[in-house]
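Asks: Going by this note's numbering, the letters in the sequence shown line up with residues 25 to 318, in that order.
Note that the Cβ used here is the ideal one computed from N, Cα and C, for glycine as well.
Got a structure for you, questions after.
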Amino acid sequence: MSGIVPEDPRIEIGLPPLGTLKTIEYLTDELVRVIAPNPSPNTLDGTNTYVVLDRVGGTALIIDPGPVSDTHFANVKSVLDEAKVEAVGIFLTHHHLDHSETARLWSQELGVGVSAFLERLVFGAGRALRDEDVFELGNKGIKVVATPGHVHDHLAFQMDTGHLLAGDHMLGRSTSVIAHPDGDLEKYLSSLVRVKELGSQVILPGHGPEISKELSSGVIEYYIAHRHYRLAQIVSILDTEIPLHVDDLTRQIYGPELPETLFTPAKQSTRAALTYLVQRDVIEVDEDDRYSLI
């Protein structure tokens, strides 16, 4: 048996239907979410770009500019113009193109630097970001929180306003993918624990609606329980089956309802879970990439 299926606490309160979020939404007077026009089964409503405003100082910081899109740039620029501020920097949560593709182009258009964990993504006056780096934007403090797991270079940004810009570490709908081989389940679980230890805060994900302060701890607990449930599923399946290839395991875990468009990310997460179990001598893999219990 693989245990009781964990329940997402967001189900009780309900979520806005997919595709109904406003393209430009002021979450606070100085924190704006702008959704890129790239909705898909993988990106949900589209990539969330966040604009942090300092209206008094006339400056702004852009988090995750997203994919190349003239429409998206115009929408973000309209936020800057309406607030009468100028961008002073672009921060990236990680390297995936749906978050970073247009970073260099925007940096040239706006005359600002790009800062990220990976040196190859740093551009202009930007810098390499490291865990617990602290920045100020007007009277706001922004701290870098390393959250590897989804991918190795993943960062979140904690604001002293009680918001965590979480990138793909957490999503507004469903759960995030562990993008093996770059992603790592052990690191992902540790990053979830670390974010929980930061205390209750509003979580602003890279895709989908925000997670309220009241629900944040419960959703993190659900994320952790969900990953352990998947591990238990694998052990249960391998306890009753002959050695199985990762493709077969993925289809058994996610069932026939898994859309083909989501098979690759599902397989990545399955592979990350298998690697986790192999490292702990729970299962083994043969030369044909088939897995079995030890």
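(1) Locate the alpha helix (DSSP H) running through HIS123, then write down its first and last residues.
(2) Keeping to the same chain, check which residues put their C-beta closer than 8 angstroms to that of GLY82; ignore five residues upstream and five downstream.
(3) Could you say which of HIS193, ILE261, ALA297, ILE318 lies nearest to VAL306 if we only look at CA atoms?
(4) With which residues is SER64 paired in a DSSP beta bridge?
(5) Taking the alpha-carbon of ASP310 as reference, which of ASP105, VAL270, THR67 has the nearest alpha-carbon?
(6) Start and end of the beta strand (DSSP E) containing GLU110?
(7) Whole beta strand (DSSP E) runs in the stretch 116-179 with 3 or more residues, listed along the chain?
(8) Scan the stretch 220-297 and note each continuous alpha helix (DSSP H) run of 4 residues or more that stays entirely inside, going in chain order.
(9) Let's test the definition: count the other Cβ atoms within 10 Å of the Cβ of SER139 and tell me whether it reaches 16, buried, or not, exposed.
(10) Quick test of the definition: if touching needs 3 or more C-beta pairs under 8 angstroms, does the stretch 280-289 touch the stretch 228-242?
(11) Looking at the strands, I want to know which residues DSSP matches up with ALA84.
(12) Please determine, among ILE166, ASN163, ILE227, the residue with the shortest C-alpha to C-alpha distance to MET194.
(13) For MET25, does the count of other Cβ atoms within 10 angstroms reach 16, so buried, or fall short, so exposed?
(14) Which residue spans inside the stretch 27-64 form an unbroken beta strand (DSSP E) run of at least 3?
(15) Taking the alpha-carbon positions, what's the TYR253 to PRO30 distance?
(16) Do VAL75 and VAL92 count as a contact pair if the criterion is CB distance below 8 angstroms?
(17) Can you check DSSP and say which residues form a bridge with ILE307?
(18) Is the CB-CB distance between GLY207 and VAL175 below 8 angstroms?
(19) In angstroms with no decimal places, state the Cα-to-Cα distance between LEU39 and PRO205.
(20) Decide if THR117 is buried, meaning its Cβ has at least 16 other Cβ atoms within 10 Å, or exposed.
(21) Have a look at the DSSP bridge pairing and note the partners of PHE181.
(22) With a 10 Å radius around its C-beta and 16 neighbouring C-beta atoms as the bar for buried, classify ILE87 as buried or exposed.
(23) Helix, strand or coil for ASP206, going by three-state DSSP, please let me know.
(24) Spatial neighbours of GLY330 within its chain, please: C-beta separation below 6 angstroms, excluding the five flanking residues on both sides.
Replies: Let me lay it out:
(1) 121-124
(2) LYS108, VAL109, GLU110
(3) ILE318
(4) LEU68
(5) VAL270
(6) 110-115
(7) 158-161, 164-170
(8) 237-264, 270-278
(9) buried
(10) no
(11) LEU77, ALA111
(12) ILE227
(13) Note that MET25 scores a pLDDT of 45, beneath 50, so its modelled location is shaky; the value from the coordinates is reported in the next line. With fewer than 16 other Cβ atoms within 10 Å, it is exposed.
(14) 48-52, 55-59
(15) 7 angstroms
(16) no
(17) LEU317
(18) yes
(19) 31 angstroms
(20) buried
(21) VAL168, LEU189
(22) buried
(23) coil
(24) No answer is possible for residue 330: the residues shown for the chain start at 25 and end at 318.
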